[in-house]
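Using UniProt numbering, you'd call the opening residue of the sequence shown number 1 and step up by one each time. Ideal placement from N, C-alpha and C gives every residue a C-beta, glycine not left out.
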Amino acid sequence: MKAIQKSILAATGAALALTLTACGGGGGSENSGGGTGKNGAKADTRDPYAVLKAAKEKVAKQNSYKTKRLAKNSDGHERVEYAFSREPDLTDKKSWDYPLKPKNDGLDNYDQMVGTEDAIFTRNAGLADGRWLRTDVKDKAADKEAARKGEVQKRAEGELPNWLGVLGSSKGVAKVGEEKVGGKPAAHFKGTVVLDELEKYKGDAMRDWLRESFAKERRKRGHDKVDVDVWIGRDDLPLKAQESGKGSKGTSDTTEEYTDYGVDPKIQVPALKDSITLDQFAQEAYDKGRSGAGTKK
Numbered sequence: 001m002k003a004i005q006k007s008i009l010a011a012t013g014a015a016l017a018l019t020l021t022a023c024g025g026g027g028g029s030e031n032s033g034g035g036t037g038k039n040g041a042k043a044d045t046r047d048p049y050a051v052l053k054a055a056k057e058k059v060a061k062q063n064s065y066k067t068k069r070l071a072k073n074s075d076g077h078e079r080v081e082y083a084f085s086r087e088p089d090l091t092d093k094k095s096w097d098y099p100l101k102p103k104n105d106g107l108d109n110y111d112q113m114v115g116t117e118d119a120i121f122t123r124n125a126g127l128a129d130g131r132w133l134r135t136d137v138k139d140k141a142a143d144k145e146a147a148r149k150g151e152v153q154k155r156a157e158g159e160l161p162n163w164l165g166v167l168g169s170s171k172g173v174a175k176v177g178e179e180k181v182g183g184k185p186a187a188h189f190k191g192t193v194v195l196d197e198l199e200k201y202k203g204d205a206m207r208d209w210l211r212e213s214f215a216k217e218r219r220k221r222g223h224d225k226v227d228v229d230v231w232i233g234r235d236d237l238p239l240k241a242q243e244s245g246k247g248s249k250g251t252s253d254t255t256e257e258y259t260d261y262g263v264d265p266k267i268q269v270p271a272l273k274d275s276i277t278l279d280q281f282a283q284e285a286y287d288k289g290r291s292g293a294g295t296k297k
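Right, dumping it as structure tokens:
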């Protein structure tokens, strides 16, 4: 029975990784500051906070983008790839833990989650014989209304909205250079987010509850402050961002790269016939356990 409960908890926890959290939305700015940079390219001479605000607003307007994330801390490494679209409401997440585990039952060694407005599907090579586990969405109407109002943020958007928000809420953010990311020119902005100051911030760069949540999570990691870098392209769309910190529980470093803004991510939703619910999986596991116990002498 404990094995069954452990498997169900693992599947349920995985499903929660695709749930929605509240966040701000808003309009966008299409313009960059004037001036000319290297090789005759137009240099962005706007104030760093103006660029961050424009980027945050423009990201919020995107129907889709993809994120590649690599996180390192004292517990190990994790690589994650996210894709999502707002319309239709779809999310995809693939995650790899390090060190990599060998393949199981012919499936690749990553966990995958696919979310729709109706259900969340999860699959792990070592769980339920590699089949998709399905968790049906209970309150679709509430989720749709929150999305319509722009009050939700998909976890598949990565840390990007949070990082843009905390930089906009922090003092001393500066442009530190013009660089290329993936062959594209980008302005590099950097700031130190002091958690004591962030918790006292009362401006509109970030929603209060999200700001408080950001600080709380970093304090759990033993941090008092973190450094955040973001590389923003000429069109005000970020290409890369990074957070690093050092505290009582060691160092942590998270890097994300962003691509395919506005491009259909072509997320493949599992067929219902290829999935089972958590209740069905629990019943199967229970029946197998009873059958196995009955054959013992």
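{"Query": "Enclosing alpha helix (DSSP H) for V137 [first to last residue]", "Result": "Where V137 is concerned, there is no enclosing alpha helix (DSSP H), given that its DSSP letter is neither H nor E."}
{"Query": "Whether A205 touches G158 by CB criterion (9 Å)", "Result": "no"}
{"Query": "Which of helix, strand or coil DSSP assigns to G172", "Result": "coil"}
{"Query": "Residue ranges of each beta strand (DSSP E) within the region 53–118, 3 or longer", "Result": "64–73, 76–85, 90–98 and 111–115"}
{"Query": "Distance, K58 Cα to L237 Cα", "Result": "7 Å"}
{"Query": "Residue-chain proximity (G158, chain B), Cβ-Cβ < 9 Å", "Result": "Looking for chain B here will not work: only one protein chain is present."}
{"Query": "K239 (DSSP reduced to helix, strand or coil)", "Result": "What sits at residue 239 in the sequence shown is Leu, not Lys. In the structure shown, L239 sits in a strand (DSSP, three-state: E or B)."}
{"Query": "Helix, strand or coil at E284 [DSSP, three-state]", "Result": "helix"}
{"Query": "Beta-carbon proximity check, T277 vs R155, cutoff 9 Å", "Result": "no"}
{"Query": "Three-state secondary structure (DSSP) of R221", "Result": "coil"}
{"Query": "Cβ neighbours of R86 in the same chain (closer than 6 Å, five flanking residues each side left out)", "Result": "N63"}
{"Query": "Buried versus exposed call for C23 [16 or more other C-beta atoms within 10 Å across all chains shown]", "Result": "Model confidence at C23 stands at a pLDDT of 41, short of 50, so the residue's coordinates are unreliable; what they give is reported in the following sentence. C23 comes out buried."}
{"Query": "Terminal residues of the alpha helix (DSSP H) in which D47 lies", "Result": "From DSSP, D47 is part of no alpha helix (DSSP H); its letter is neither H nor E."}
{"Query": "Inter-stretch contact at 8 Å, needing at least 3 Cβ pairs: the region 216–224 / the region 242–251", "Result": "yes"}
{"Query": "Closest Cα partner of I232 within the set V193, D208, S74 and G182", "Result": "G182"}
{"Query": "Buried versus exposed, by CB contacts within 10 Å (16 or more), G203", "Result": "exposed"}
{"Query": "Integer-rounded CB distance, given that L167 should sit under 8 Å from V80", "Result": "That pair is no contact at about 22 Å."}
{"Query": "CB-CB length for K68 against D253, believed under 8 Å", "Result": "The pair is not a contact, with the Cβ atoms about 15 Å apart (cut-off 8 Å)."}
{"Query": "Beta carbon of A241 nearer than 9 Å to that of L160", "Result": "yes"}
{"Query": "Distance CB(V176)-CB(V226) smaller than 9 Å", "Result": "no"}
{"Query": "Terminal residues of the alpha helix (DSSP H) in which D196 lies", "Result": "L195 to K200"}
{"Query": "Residue(s) in a DSSP beta bridge with G177", "Result": "H188"}
{"Query": "Buried or exposed (CB count within 10 angstroms, at least 16 for buried), P48", "Result": "buried"}
{"Query": "Candidates A174, T259, T251 and P185: closest to S74 by CA position", "Result": "T251"}
{"Query": "Rounded straight-line distance, which links the Cα of G191 to that of L239", "Result": "17 Å"}
{"Query": "Where K249 falls: helix, strand or coil (DSSP)", "Result": "coil"}
{"Query": "Candidates D136, D111 and R123: closest to E117 by CA position", "Result": "D136"}
{"Query": "Own chain partners of V173 with C-beta closer than 8 Å, once the 5 adjacent residues on each side are dropped", "Result": "P48, Y49, L52, L167, F189, K190 and G191"}
{"Query": "Straight-line gap, M1 to D97 (C-alpha atoms, nearest Å)", "Result": "Confidence at M1 is low in this model, with a pLDDT of 47, below 50, so the placement of that residue should be treated as unreliable; the coordinate-derived value is given next. Looking at the two C-alpha atoms, the distance is approximately 27 Å."}
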